[in-house]
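Everything in the sequence shown is counted per the numbering used here, starting at 22 for the first residue and increasing by one. Ideal Cβ placement from N, Cα and C applies to all residues, glycine included. Structure first, then comments.
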Amino acid sequence: MARSTPVQEELGALQAELRKMPKSETRGNAESRAQARAEENAAPTENAADELEAQLSDLGDALSGYAGQAEDFIAKHPLVSVLTAFALGVAIGGLLRRD
């Protein structure tokens, strides 16, 4: 199947980091108004972190699918793949060349 790529490893590291983020904790009745406001403001942050984690997961799944498709294409058409990579290298080299 598809091997782990640096992008997938980075996505995994970001997801692990998001899981380690502290969740907002409920406090007792002795809580001050400033702490209450901070907790209310933390709720959208928590929702945003959850949403970001879900988006990162979706992105990782999509990238895995694209990587698998690319590997399949390269396996089926190795000559076309090598020639395409060569042509792209020549084109990018020509664009980046400084005279």
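Have a look at SER78 and ILE95 and give me their C-alpha separation to the nearest angstrom. 26 Å
Look at the Cβ atom of LEU39, then the Cβ atom of GLU74, and state whether they are nearer than 8 Å. A contact, by the Cβ cut-off of 8 Å.
From this set, LEU84, GLY89, ARG119 and LEU104, which residue's C-alpha is nearest GLU31's C-alpha? LEU84
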